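Reviewing the structure listed below.
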Ligand SMILES: [Zn+2]
């Protein structure tokens, strides 16, 4: 995977865009602390990363979640997504999901690029040092991410 430049000249990680999974349960969101050596390390965000060639955003979000937090795609029921475009044609798609089995305990482990994780109540998300792109998506007036977690 590599850096790319969009039409506006921004540097973005992943020539095919990026995607992440916002997994929500009981009014909380599963957030991940990015390892210090990762891009924007030391900040909290959803698990995610660059989309591979020919891969859908949905598949990328689930693959990254399994790689980083050990949660298999089969354990997630997806419920739509939110696409953010930087304005220059590069997109980040936040896939919305809930545990496929609401009654089961979801085992979460810190694997690649993950230095920690937490189920964070919707009202406390902005108290964390968030990755700037996730902070912007969360705070967007459209309210998609906030409303999804609050209603879960
Ligand atoms: Zn851009």
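Residue numbers (our numbering): -9 to 142.
All C-beta atoms in this analysis are idealised placements derived from N, C-alpha and C, irrespective of residue type, glycine included.
Quick caveat: nothing in here was measured; it's all calculated off a predicted structure.
Between the alpha carbons of residue 85 and residue 114, how many angstroms are there, rounded?
21 Å
Is the Cβ-Cβ distance between residue 160 and residue 19 less than 8 Å?
In the structure as shown, the chain starts at -9 and stops at 142, and residue 160 therefore has no counterpart that could be examined.
Whole-Å CB distance - residue 48 paired with residue 68, under 8 Å assumed
Between residue 48 and residue 68, the beta carbon gap of about 6 Å places them in contact (Cβ cut-off 8 Å).
Taking 7 Å as the cut-off, does the CB of residue 80 come closer than this to any heavy atom belonging to ligand 1?
yes
Residue span of the alpha helix (DSSP H) that contains residue 85, given as start and end
Looking at the DSSP string, residue 85 is not in any alpha helix (DSSP H); the run it does join, the beta strand (DSSP E), is 81 to 89.
When the Cα atoms are used, what is the spatial distance from residue 133 to residue 37?
20 Å
Can the beta-carbon of residue 33 be found less than 8 Å from the beta-carbon of residue 111?
No.
Can the beta-carbon of residue 35 be found less than 8 Å from the beta-carbon of residue 121?
yes
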